[in-house]
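Enquirer:
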Amino acid sequence: MIRYTKSLEGITSEMLDGGFFVGWPNPPSPVAHYEILENAYRIVLAIDDSTNKVIGFINSISDGVLTTYIPLLEVLPEYQGKGIGKRLVNTLVEDLNEMYMIDILCAPDVQEFYTKLGFETAQGVAMRNYHNQSGINLS
Ligand SMILES: CC(C)(COP(=O)(O)OP(=O)(O)OC[C@H]1O[C@@H](n2cnc3c(N)ncnc32)[C@H](O)[C@@H]1OP(=O)(O)O)[C@@H](O)C(=O)NCCC(=O)NCCS
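So in UniProt numbering, spot 70 of the sequence shown is number 70, and the numbers just go up one at a time.
(1) For the structure I just gave you, are there three or more beta carbon pairs, one from the segment 18-31 and one from the segment 58-67, closer than 8 Å?
(2) Three or more beta-carbon pairs under 8 Å between the segment 37-57 and the segment 9-23, yes or no?
(3) Closest to N39 by C-alpha separation, out of P77, T115, P71, would be which residue?
(4) Measure the C-alpha to C-alpha separation of T115 and C106 and round it to an integer number of angstroms.
(5) Check each candidate in Y34, N132, A126, L96 and name the one with the smallest Cα separation from E14.
(6) Within the present structure, is the beta-carbon of E74 separated from the nearest heavy atom of ligand 1 by less than 7 Å?
(7) Taking all protein chains shown into account, decide if I136 is buried (16 or more other Cβ within 10 angstroms of its Cβ) or exposed.
(8) Throw me the rounded Cβ distance for the G56 and I84 pair, which I believe falls under 8 Å.
(9) Over what stretch of residues does the alpha helix (DSSP H) that includes N59 continue unbroken?
(10) Is the Cβ-Cβ distance between L76 and L88 less than 8 Å?
(11) State the Cα-Cα distance for the pair G81 and L66, rounded to the nearest angstrom.
(12) Please classify M99: does DSSP put it in a helix, a strand, or coil?
Right under this line is the structure:
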């Protein structure tokens with residue numbers, strides 16, 4: 001069974017080592033991933049009870065007053081197409097409803113996934129320091 005949680009209670013970095021950041025040449029480690037979730041404003045995790053692994057996650061960061069940004073959403077490939085991504089987004093957005101701005105930058109092939117869930121398409125710009133893709137040095 002897939003269960004959902006909005007907290008890191010009982011979650012370890014080992015539970016995040018199932019293969020997230022598909023296609024990233026230099027992905028964050030499970031320890032860095034845990035830190036990303038720990039530092040987030042709000043999170044929602046999907047956990048497969050049969051393996052005790054996190055199989056999907058979404059996070060948001062925020063100024064706590066007006067604006068929130070959703071940097072990451074991922075469902076592991078073998079769990080996609082089962083409504084898990086939709087549940088993660090809807091649960092997070094419910095939690096963020098006090099905010100004015102809820103923003104996401106995404107590739108064109110994912111826009112429809114979000115517009116089906118109530119988002120509007122918008123224009124944006126971004127800068128990426130690819131040499132920092134695995135995260136800052138945490139040690
Ligand atoms: C995008 C992603 C999170 C979707 O998760 P998922 O669990 O497979 O999605 P769901 O099964 O909840 O799909 C919900 C609905 O969106 C649709 N959908 C899923 N992916 C879609 C896509 N890329 N484009 C358009 N519609 C999509 C589904 O068909 C479904 O439609 P329905 O409600 O009419 O049946 C998942 O494909 C993923 O992790 N991709 C790689 C990482 C990524 O691109 N993340 C987004 C970063 S901005």
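All C-beta atoms in this analysis are idealised placements derived from N, C-alpha and C, irrespective of residue type, glycine included.
Expert: Short version:
(1) Touching, no.
(2) Counting C-beta pairs closer than 8 Å gives three or more between the segment 37-57 and the segment 9-23, which meets the contact rule.
(3) Locating residue 39 in the sequence shown gives position 39, counting from the first residue. Comparing alpha-carbon positions, the option among P77, T115, P71 lying closest to N39 turns out to be P71.
(4) As a working mapping, residue 115 is identified with position 115 in the sequence shown. As a working mapping, residue 106 is identified with position 106 in the sequence shown. Going from the Cα of T115 to the Cα of C106 covers about 11 Å.
(5) Counting from 1 along the sequence shown, the entry for residue 14 is found at position 14. Looking at the Cα atoms, Y34 is the closest of the given residues.
(6) Here residue 74 refers to the residue found at position 74 when the sequence shown is read from its first residue. Yes, since a heavy atom of ligand 1 falls inside the 7 Å radius drawn around the Cβ of E74.
(7) Numbered from 1 along the sequence shown, position 136 holds the residue referred to as residue 136. It is exposed - the Cβ of I136 has fewer than 16 other Cβ atoms within 10 Å.
(8) Walking along the sequence shown from the start, residue 56 turns up at place 56. Walking along the sequence shown from the start, residue 84 turns up at place 84. In this structure, G56 and I84 form a Cβ contact; the two beta carbons are roughly 5 Å apart against a cut-off of 8 Å.
(9) Residue mapping note: residue 59 aligns to position 59 of the sequence shown, counting from 1. Note, N59: premise wrong, no alpha helix (DSSP H); beta strand (DSSP E) at 53-62.
(10) Residue numbering aside, residue 76 sits at position 76 when the sequence shown is read from its first letter. Residue numbering aside, residue 88 sits at position 88 when the sequence shown is read from its first letter. It is not a contact, given that the beta carbons lie outside the stated cut-off.
(11) Within the sequence shown, residue 81 is the residue found at index 81, counting from 1. Within the sequence shown, residue 66 is the residue found at index 66, counting from 1. Distance between G81 and L66, taken at the CA atoms: about 32 Å.
(12) What you label residue 99 is simply residue 99 of the sequence shown in a count that begins at 1. Reduced to three states, the DSSP call for M99 is coil.
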